[in-house]
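A.B. asks: If you read the sequences in order, they're chains C and S.
Residue numbering for the first sequence follows this note's numbering, beginning at 78 and increasing consecutively.
Residue numbering for the second sequence follows this note's numbering, beginning at 19 and increasing consecutively.
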Amino acid sequence: MKKNKATTIFLVLIPALLLLLAGCSSRFDEPIVEDDATITYPPKQSGDISAKISFCRRIDKDSGETIGEGMVFSMIENGVLYAVADFENQGKHLNNGLMFHYDWIGPDGKSLFCKQIEVPPGDSFSSINSSISISPEKRESGEYLLKLYYFRELIAEKKFELLPALLVNGSVIKNLAPEITLYRTVSKKTGKLIGEGSSFKIKAKRKVRASIELKNRFAFGDQELMFHIDWIGPDGESIYRKRYDLYPTDSTSTIKSTISISPKKRQAGDYKFQLFLFNELIAEKPFELHE
Amino acid sequence: MTQVVLMTAKQNEKRKMSSTPVKRQRFDYIDQFRGFVGILMLLGHSSYYFNSLWINLDPFDPIFPDWGQFALRYVGYLCAPGFLMMNGAMVWWSYHRRVQKGTADRTARWHLIQRGVFLILVQMIWVNSSWGGFRVFNPWHFGVISSIGFSMILLTLIINLRWYWQLSIALTILAIHPFLLQIPYDPDVLWSRVLMQTFIDSGSFNKYPVLPWFALAILGSVMAHGWLQIWKTDKQRILMGLLIAASAFSVAAILRLGRGFGTLTNFSDFGSFSFFLDQKYPPSLYMNLWFFASVVLMVSLFIAINMLSPKILKVFSIPGKVPLFFYAVHLAILGVFVKRIGLFYREGDVLESLIGMAVMLVIMLPLCKWFFGLKRRNKNYFIQMI
């Protein structure tokens, strides 16, 4: 009788135990902090997917390269922050499609945005990205966290910091002390500027160049400096605009820009070159084009 | 449920007189399993109120930081199938017991319909508001209790059918449900939201649509034929239960591994979190089969443990005899003290959820004992309904 009971219990307990073991984690509990500060939960099986996370301001549409990588970002109107996960061993798991979740966590610990990304079977990829707005009206400054899940299981996380938008005032401008120089070209032999001034002759293949020297560019610590330049025509309309983001890791303190002044493209008149920091005009220099 | 409690009480009296082991166990495992599921539900609710995971957890698309949090959530997945199946089993038993005692067919069915309506009203009047500690009266949505109520009412229509016809109906509903989920509707349009989410889909109006859960209630009724009538010994119940559970697990696993019909979300590998976490709201065919199998397996386990040591599971009978009281009261206490007053609301983790459950059990078990006694003594209509 006892033997029968034991057999019965055994018969029931085995499948019950199998049930209890259901849903084993495929990751180690102890995380590893990678060189780039990504916290990863390594797979128990070698060859399973792992990922590193990076944050950037922009992703080049053509090359897919990240621009303005970092972990500290200033909020800016209409600004966007990208998180890019670069994977290892993803190719081995593509047969049945993959599922990821990006969970953006705010300074209060609450999820700001959780996005599920499904990779269809057979689709090749090495990285996937997600983005959030970092406009000051939508976010507050503080420490944020991005969590990356693979098939509902946490595999990597990384922190980043949002700084308040830089208030562009007189002291900031004085600190930066931008100095605009307009010139025609640079001597290949000496490196000296040629045709420096504020009046230029319209001529085929000729160009006007602007060089902006930022005196105290490194006085802003971790703060990124988001510039844009604008060349304004005689009608007051922009003829060329470009964004320049200077990150704490950049060594440059000079911004350069060039426009063509060939007769086909330009007409005589009064022009302006303007420099903006966080969409605020901080310096400008008028110049004239003549026949 | 009421009838089962009475039956169990009567049976307990008989047991005392005859002290035959087979009789002693006959319905204890139903009460115990129902109590076990109730306590798992309390654990799930304790996690909902104390666990910081819930600050960000989307139950429709869950993600987990670690195994503990996954396990805490996953054990709760057994609750709704457990309750629906036990309810189906008891509806079948209650109806046939009443008819055997000489109650007219129509009266026996009417009693069950009343109880179904009562459950729907409990959902709307009590449960919905108790989640937030009765801060807001919000009767206009449904949940698991109303789904049980609807299932009870619908079960009365087929309660006289033989088990294989009931099984056919349940399997047909489960097989058709994935196709019904493809019916397009606009959740912003009130009538289509109410209609679709009452019966087919899940959403803000109702996470527990009637159709798939009714199918599980029918399966409970089918299993009751075996547990309470056909299989005469515990050994038979265990072996047949194991056979049925193994078959259902196998079919569910084949469906899941096929990654096609019957599953709604992708998974990585067999045995991973994602393998077990297919869609719960509403449940996929895989989830329904998997948890049907889990319930049958667990009931077999309870019968087996009772054979070996009847005292081990006795504590589960306490909430299991008054499951609706247990559900409604623990939820109200948590809602008032944790959500409304803000006592440790979502400040903890897995451990705090377990502590919360333990504290609530200390409160709830004596209350359940008291209410069971009251229910035996007092024949008030509403008390008998609870």
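Heads up, the beta-carbon is just placed ideally off N, CA and C, and yes, glycines get one too.
(1) Between S:Gly86, S:Leu315 and S:Leu319, which has its C-alpha nearest S:Met265's C-alpha?
(2) By DSSP, does C:Ala114 sit in helix, in strand, or in coil?
(3) Run through the DSSP bridge pairs and tell me what C:Asn206 is partnered with.
(4) Quick check on this structure: which residue in C:Val161, C:Phe150 and C:Met152 has the alpha carbon closest to the alpha carbon of C:Asp370?
(5) With a cut-off of 8 angstroms, do at least 3 Cβ pairs link the region 293-303 of chain S to the region 266-282 of chain S?
(6) S:Arg81 by DSSP, collapsed to three states: which one?
(7) If you measure from the beta carbon of S:Arg277 to each beta carbon in chain C, is any gap under 8 angstroms?
(8) Find the nearest neighbour of S:Tyr299 within the set S:Arg394, S:Ser220 and S:Asp49, judged by alpha-carbon distance.
(9) Taking only three categories from DSSP, how would you classify C:Glu357?
(10) Do S:Asn105 and S:Gly238 have their beta-carbon atoms positioned less than 8 angstroms apart in this structure?
(11) Distance cutoff 8 angstroms, beta carbons only. Does S:Phe289 sit that close to anything in chain C?
(12) Return no unless some Cβ of chain C is closer than 8 angstroms to the Cβ of S:Ser292.
(13) Could you give the residue range of the beta strand (DSSP E) that holds C:Glu234?
(14) Looking at C:Ile306: is its Cβ nearer than 8 angstroms to the Cβ of C:Tyr348?
(15) Rounded to whole angstroms, what is the Cα-Cα separation between S:Phe405 and S:Leu260?
(16) How many Å lie between S:Asn178 and S:Ala122 at the Cα?
(17) Span of the beta strand (DSSP E) holding C:Ala128?
(18) Specify whether the region 243-263 of chain C and the region 282-290 of chain C touch according to this definition: at least 3 beta carbon pairs, one from each stretch, less than 8 angstroms apart.
(19) Note down, in chain order, all residues in the region 219-236 of chain C with a beta-carbon under 8 angstroms from any beta-carbon belonging to chain S.
(20) For a contact defined as C-beta to C-beta under 8 angstroms, what are the partners of C:Asp106 on chain S?
(21) Quickly, what does DSSP pair S:Asn224 with across the bridge? List them, please.
(22) Please tell me whether S:Phe296 has its Cβ less than 8 angstroms away from any Cβ of chain C.
(23) When burial is assigned at 16 or more other CB atoms within 10 Å of the CB, is S:Lys204 buried or exposed?
(24) Along the chain, where does the beta strand (DSSP E) that runs through C:Gln193 open and close?
(25) Using a C-beta cutoff of 8 angstroms, does C:Gly186 count as contacting chain S?
(26) Please go through the same chain and pick out, in chain order, the residues whose beta-carbon is closer than 6 angstroms to the beta-carbon of C:Pro325, but skip the five residues on each side of it.
(27) Across which residues does DSSP place C:Thr258 in a beta bridge pair?
(28) What number of angstroms, rounded off, separates the C-alpha of C:Asp312 from the C-alpha of C:Ile338?
(29) With a cut-off of 8 angstroms, do at least 3 Cβ pairs link the region 381-399 of chain S to the region 333-348 of chain S?
(30) Cutting at 8 angstroms between CB atoms, please list the residues of its own chain near C:Leu231, excluding the five before and the five after it.
(31) Between the region 149-163 of chain S and the region 182-194 of chain S, do at least 3 Cβ pairs fall closer than 8 angstroms?
C.D. replies: Taking the structure as given:
(1) In the sequence under discussion, the amino acid at residue 265 of chain S is Ser, which differs from the Met named in the question. For S:Ser265, the nearest C-alpha among the options comes from S:Leu315.
(2) coil
(3) C:Val161
(4) The requested residue 370 of chain C does not occur in the structure, where chain C is confined to residues 78 to 368.
(5) Using a C-beta cut-off of 8 angstroms, the region 293-303 of chain S makes contact with the region 266-282 of chain S, since at least three inter-stretch Cβ pairs fall below that distance.
(6) Here the sequence assigns Ile to residue 81 of chain S, which means Arg is not the residue at that position. Three-state result, S:Ile81: coil.
(7) yes
(8) S:Ser220
(9) strand
(10) yes
(11) Sequence inspection shows Gly at residue 289 of chain S; the Phe mentioned does not correspond to that position. So, interface residue.
(12) It does; some Cβ of chain C falls within 8 angstroms.
(13) First-last of the beta strand (DSSP E) with C:Glu234: Glu230 to Leu240.
(14) no
(15) This structure cannot settle anything about residue 405 of chain S, because the visible part of chain S is limited to 19 through 404.
(16) 13 angstroms
(17) Bounds of the beta strand (DSSP E) holding C:Ala128 are Ser127 to Cys133.
(18) With the cut-off at 8 angstroms, the region 243-263 of chain C and the region 282-290 of chain C touch.
(19) Lys224, Tyr226, Tyr227, Phe228, Arg229, Glu230 and Leu231
(20) Asp84 and Trp85
(21) Within the DSSP bridge table, the entry for S:Asn224 names S:Phe160 as partners.
(22) Phe is not the amino acid found at residue 296 of chain S; the sequence shown has Asp there. So, not an interface residue.
(23) Sequence check: residue 204 of chain S is Asp here, not Lys. Classification of S:Asp204: exposed, given that the 10 Å Cβ count is below 16.
(24) Where C:Gln193 is concerned, the enclosing beta strand (DSSP E) starts and stops at Ser188 to Val196.
(25) Yes, because at least one Cβ of chain S sits closer than 8 angstroms to the Cβ of C:Gly186.
(26) Asp299
(27) C:Ser288
(28) 16 angstroms
(29) yes
(30) Take C:Leu231, set aside five residues on each side of it, and the residues of its chain with a beta-carbon closer than 8 angstroms to its own are Arg104, Tyr118, Lys224 and Leu225, in chain order.
(31) no
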